[in-house]
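Shown next, in structure tokens, is the structure this report addresses.
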Amino acid sequence: MSKSERPNQLFRNLNAKVASIPMVLTALVIFVGGSAWTVLYSFTNSKLLPRLNFVGLDQYYRLWSTPRWLVSIENLLVYGVLSLVFSLVIGFILAALLDQKIRFEDTFRTIFLYPFALSFIVTGLVWQWLLNPEFGIQGVVRGLGWESFSFDPLYNSEIVIYGILIAALWQGTGLIMCLMLAGLRGIDEDIWKAARVDGIPTLKTYLFIIIPMMRPVFITALVIIAAGIVKVYDLVVAQTSGGPGIASEVPAKYVYDYMFFAQNLGQGFAASTMMLLSVVVVIVPWAYLEFGGKKHV
Amino acid sequence: MSDLAVSLPAGTDSIGFEASGPRGPKPRHVFSRRNIFLYGTLIVVALYYLLPLYVMVVTSLKGMPEIRLGNIFSPPLEITFEPWVKAWSSACTGLNCDGLSRGFWNSVRITVPSVILSIAIASVNGYALANWRFKGADTFFVILIVGAFIPYQVMIYPIVIILREIGLYGSLSGLVIVHSIFGMPILTLLFRNYFSSMPDELFRAARVDGAGFWGIYFRIMLPMSLPIFVVAIILQVTGIWNDFLFGVVYTRPDTYPMTVQLNNIVNSVQGVKEYNVNMAATILTGLVPLVVYFVSGKLFVRGIAAGAVKG
Amino acid sequence: MTRLENASVSIQDLSLNFGAISVLETLNIDVAEGEFIVLLGPSGCGKSTLLNCIAGLLDVSDGRIFIKGKNVTWEEPKNRGIGMVFQSYALYPQMTVEKNLSFGLRVAGIAKDEIAKRIARAAEILQIEPLLQRKPSALSGGQRQRVAIGRALVRDVDVFLFDEPLSNLDAKLRAELRVEIKLLHSKLQNTMIYVTHDQIEAMTLADRIAVMKGGVIQQLDAPQTIYNRPVNRFVAGFLGSPAMNFLDGRLEKNDGNWHFVAEDVRIPLATYAFEKEPVPGAAVFGIRPEHVAFNSGSGWPFTATANVVVVEPMGSDTLVWLKLGNQNFTVRVTSERTPNNADTVSIGFDPMRASLFDAATGARL
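The listed protein sequences derive, respectively, from chains A, B and C.
Quick note on full-length UniProt numbering: the first sequence kicks off at 1 and runs consecutively.
Quick note on full-length UniProt numbering: the second sequence kicks off at 1 and runs consecutively.
Quick note on full-length UniProt numbering: the third sequence kicks off at 1 and runs consecutively.
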């Protein structure tokens, strides 16, 4: 006769705990541990191999006095602001156009979204070809007789980041359009009817009623675009390899190159810590607004 | 009630109304200004979106002399599949000259196990989170979701060290593990939300019937959630196939996935650039996700919508 | 039959098709100035569609719509002189109540003091003054619906359209707001067209009810007429709860008198007012449960005995389910006279209050 004992807390629901081991390991070891490790080693002078030889903020001083990093940050800001604005505006306009009960909606949606299925490498290479000054768009227009026409963003360090932006928008706006379209479809039909009965013109209905109602969708889109901006890497590698010169460098590429080519791990860690910081700056206010704010209402 | 109107059968003459005037449907012109603007805009934008695909295909079917002389938008005068053959089997990356085929098979060997492993882990995990909550589970889940926003660059080097310690650095299995790790946040969220939306009575009834953790998962949940598995597969196949960063960090040249191989073919070759071969190679690399996209249609949209709504 | 000369809303030969599917078929209604018309019918009968056509939210396939004598068939909704209240309220969520009320007026470029005046009036009528600075999310369902009515009110229009305005509310609130809408109508004396599937709302609010089915108006009449003299079996069955009793049987003429015969039940029809000259044949006999007397002697043109099957006490009265012959039959009795299950009871009624329908077409005989 065994006495019925209170089962050990640790073994209650054991299967679920076993099934969650990968999640726990990923969360703790990779996400928390890995980030902490990188931040810690960013204060060392690690070169080829990571070493715990602390040098304070030296890596950061060097980072912020390296022209290549400064160019990267400037590019990221320009690229980031423009891609945010254009993605949201173009995505919303396309979604609004598709929401007019048009024919062939599925066809149009399929066309606008297919670039999103492609790799950034593929996108980068095809736009590299389209923007090739000799054979691409510039060459074609000149061939038509307009000899002075100039459109060679990938070979002009002043505007190279716009060349990358064009490719990024081509690939990414379809996703934003899909999100916006889902948001528009979620709006009560009666709102549209009420606006029509009230005699409110379509444009005003969008601006004053629909867009404010779609605030959550816009925030979601904003977070997605912002997260993508910080990570931008493959596209630049494929389209320009950071060139001409260092004109189209971005932080993610800076990190990779210093870690795996320049064998200056400390610089790479410092740069990636700055990237982490920038994400925190974006994510924390958003999380506070979305989740923290509700408790106070 | 005698002063109230009585309805008339159709066709009776009406008194007090003009006989002419608007009647029936409001006239609609197919070529109204609104329609011209609407469809015009959509068609122009659609052409813009299709242009790169068109140029890729057209360029890949031309010979080099025609490319040098002609216009990238003009259709090929003489169709040749030579560039495709070369891209597939003999294009050079600077290290070897056996074309994209090596990268293709590497990508297959990476994608298939990664998709299976990541979905297996995430679906069981999402099921545990939805139906078998235990203390602390939500904390780890929140860390996992927030972690999805951390730039990969912050974590790649620690993972290099871990993989090196367990002897998997540079191998395909190492990359499979990396993909499973980084696919976990979004997939777990996807499955957790899906299982949470299933009626709770079902789960309780199964427990009363004596089914346990795995019994309910395999016999009740799995058969009922095929659509979400399809969504997850679409999400993972395209995501992993298109990956570049992890491929270039965690594999060696002989195990490079297709995207890395493609970039090396196009960007690191010295001498004369063969644009037709490059474009053929680019299409070949984009083909797998494109086929997945066009075949899956609405499910793809659902997948990215699910993937998009993080948090 | 005359056509109303000063009709507030007049619908003439209105049809609507979606492709091959006909949703509304050649409808004709004239609504008098200040009249309260209820469009009643089961879901999918076309009542909301008809309302949307009147509002101009749907284009018609054929026919004309006049509001205040003006042909508005091709007019935009805002130019039709209508205000509309929706089932889901359709309040603009990010605007305060006041902004919700004034938005249409501001867009129309109406002067500020005029807007303020109209809002003050609407708020007073609807007693929503304390709510003006709140957002819709901070209002209860009843308050939201009041604001929605207010939005129609400030437009200063002739015709109010209601699209199932009370369906999203719970039963108690629905009853309260029903009374308020009735009061509002008597105060404003506007023309109102009101869509619902709730027969109580229809009976209590309407000057006239239009019962619709399959895109066709079955009967357009005062509530009592529709209740007491339904034109066909559908209308008879749709109105009334518990539903009218229907007995299947035959019309027969014996010794110069018409009878309704269902097996061993023989109902004399001497007191029944036929619509047209009857002919022998299959027919349906309908009588409402409250028109049947229960255990009350033999002073009725028709009496019978029946077996009690089920007794449903409902508080104020009791519903008794019987077998009359072999057909189901319900009787409504006062609570004190509730019988027991399996009792045999006597019933009686006057066929004057009954309705006879053609078995094949369902039309009133």
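C-beta atoms are modelled at their ideal positions from N, C-alpha and C, and glycine is treated no differently.
Test: residue 44 (chain A) CB closer than 8 Å to a CB of chain B:
No, residue 44 (chain A) lies away from the interface with chain B (no Cβ there is under 8 Å from its Cβ).
Does any CB atom of chain C fall closer than 8 Å to the CB of residue 197 (chain A)?
True, the Cβ-Cβ gap to chain C drops below 8 Å.
So residue 73 (chain C) contacts chain B; which residues on that side make the cut at Cβ distance below 9 Å?
By Cβ distance, chain B contributes 21, 22, 23, 24, 25 and 26.
Residue 83 (chain B) and residue 280 (chain B): beta carbons closer than 8 Å?
Yes, the Cβ-Cβ distance between residue 83 (chain B) and residue 280 (chain B) is below 8 Å.
Please classify residue 276 (chain C) as buried or exposed, where buried requires at least 16 other C-beta atoms within 10 Å of its C-beta.
With fewer than 16 other Cβ atoms within 10 Å, it is exposed.
Which residues in the same chain have their Cβ closer than 7 Å to the Cβ of residue 288 (chain C), if we skip the five residues on either side of it in sequence?
So the qualifying residues of the chain are 240 and 244.
Using a Cβ-Cβ cut-off of 6 Å (strictly less than) and excluding sequence neighbours within five positions of residue 309 (chain B), which residues of its own chain qualify?
Its pLDDT being 48, under 50, residue 309 (chain B) is placed unreliably in this model, and the coordinates cannot settle the point.
In three-state DSSP terms, what is residue 12 (chain C)?
For residue 12 (chain C), the three-state secondary structure derived from DSSP is strand.
Does DSSP classify residue 273 (chain A) as helix, strand or coil?
Assigned with DSSP and collapsed to three states, residue 273 (chain A) falls in helix.
What does the Cβ neighbour count give for residue 288 (chain A), buried or exposed, with the cut at 16 atoms within 10 Å?
An exposed status is given to residue 288 (chain A), since fewer than 16 other beta-carbon atoms sit within 10 Å of its beta-carbon.
is_contact[residue 209 (chain A), chain C] using C-beta, thresh 8 Å:
At a cut-off of 8 Å between C-beta atoms, residue 209 (chain A) counts as an interface residue with respect to chain C.
When burial is assigned at 16 or more other CB atoms within 10 Å of the CB, is residue 3 (chain B) buried or exposed?
Caution applies to residue 3 (chain B), whose pLDDT of 42 falls short of 50 and renders its modelled position unreliable; the value that the coordinates give is listed next. Around the CB of residue 3 (chain B), fewer than 16 other CB atoms lie within 10 Å, so the residue is classed as exposed.
For residue 326 (chain C), count neighbouring C-beta atoms within 10 Å of its own C-beta (all shown protein chains included) and say buried if the count is 16 or more, exposed if not.
Classification of residue 326 (chain C): exposed, given that the 10 Å Cβ count is below 16.
Span of the beta strand (DSSP E), counted from its first residue to its last, around residue 344 (chain C):
344–349 is the span of the beta strand (DSSP E), which, as asked, contains residue 344 (chain C).
By alpha-carbon positions, which one of B:251, B:284, B:21 and B:300 ends up nearest to residue 172 (chain B)?
Among B:251, B:284, B:21 and B:300, the Cα nearest to that of residue 172 (chain B) belongs to B:251.
At a CB distance below 9 Å, what residues from the segment 104–115 of chain C approach chain A? Give them in sequence order.
Listed by position along the chain: 104, 105, 107 and 108.
DSSP three-state call for residue 26 (chain C): helix, strand or coil?
DSSP places residue 26 (chain C) in strand when its eight states are reduced to three.
Contact set between residue 255 (chain A) and chain B, taken where Cβ atoms lie within less than 7 Å
Near residue 255 (chain A) (Cβ distances below 7 Å), the residues of chain B are 153.
Only counting the same chain, and skipping five residues up and downstream in sequence, which positions put a Cβ closer than 6 Å to that of residue 216 (chain C)?
Cβ within range, chain order: 25.
In whole angstroms, what separates the C-alpha of residue 143 (chain A) from that of residue 81 (chain B)?
Distance between the alpha carbons of residue 143 (chain A) and residue 81 (chain B): 27 Å.
Straight-line gap, residue 18 (chain C) to residue 211 (chain C) (C-alpha atoms, nearest Å)
Straight across, the Cα-Cα distance linking residue 18 (chain C) with residue 211 (chain C) is about 22 Å.
Residues near residue 273 (chain C) in its chain [Cβ-Cβ closer than 8 Å; skip 5 each side]:
352.
Run the CB neighbour count on residue 371 (chain A), radius 10 Å, all protein chains shown included, and call it buried at 16 or more, exposed below.
No answer is possible for residue 371 (chain A): the residues shown for chain A start at 1 and end at 297.
Does the structure place the segment 74–81 of chain C close enough to the segment 10–17 of chain C that three or more beta carbon pairs sit under 8 Å?
No contact exists between the segment 10–17 of chain C and the segment 74–81 of chain C.
Output the boundary residues of the alpha helix (DSSP H) element that contains residue 316 (chain C).
No alpha helix (DSSP H) holds residue 316 (chain C); DSSP gives it neither H nor E.
Mind pulling the chain C residues with CB within less than 8 Å of residue 117 (chain A)?
For residue 117 (chain A), no chain C residue has a Cβ inside 8 Å of its Cβ, as the nearest lies near 35 Å away.
For chain B, find out if any of its Cβ atoms is closer than 8 Å to the Cβ of residue 152 (chain A); answer yes or no.
No, because no Cβ of chain B sits closer than 8 Å to the Cβ of residue 152 (chain A).
Given that a residue counts as buried once 16 or more other Cβ atoms are within 10 Å of its Cβ, and exposed if not, what is residue 256 (chain A)?
By the Cβ-count criterion, residue 256 (chain A) is buried, with 16 or more other Cβ atoms from all chains shown falling within 10 Å of its own Cβ.
Residue 191 (chain C) - DSSP class collapsed to helix/strand/coil:
Correct three-state label for residue 191 (chain C): strand.
Let me make sure I understand the geometry here. Which of C:206, C:295 and C:181 has the alpha-carbon closest to that of residue 336 (chain C)?
Per the C-alpha coordinates, the member of C:206, C:295 and C:181 positioned closest to residue 336 (chain C) is C:295.
When the Cβ atoms of the segment 134–148 of chain B are set against those of the segment 228–246 of chain A, are three or more pairs found closer than 8 Å?
By the criterion of at least three beta-carbon pairs nearer than 8 Å, the segment 134–148 of chain B is not in contact with the segment 228–246 of chain A.
Mapping the DSSP letters down to three states, classify residue 58 (chain A) as helix, strand or coil.
DSSP places residue 58 (chain A) in helix when its eight states are reduced to three.
So the beta strand (DSSP E) residue 252 (chain C) belongs to, where does it begin and stop?
245–254 is the extent of the beta strand (DSSP E) around residue 252 (chain C).
Where do the N-terminal and C-terminal ends of the beta strand (DSSP E) with residue 268 (chain C) fall, by residue?
Looking at the DSSP string, the run of the beta strand (DSSP E) that includes residue 268 (chain C) is 265–268.
Step through the CB atoms of chain C and report whether any lies within less than 8 Å of the CB of residue 212 (chain A).
Interface with chain C (8 Å Cβ-Cβ cutoff): residue 212 (chain A) is included.
Between residue 83 (chain A) and chain B, is any beta-carbon pair separated by less than 8 Å?
Not closer than 8 Å to any Cβ of chain B, the Cβ of residue 83 (chain A) fails to qualify, so no.
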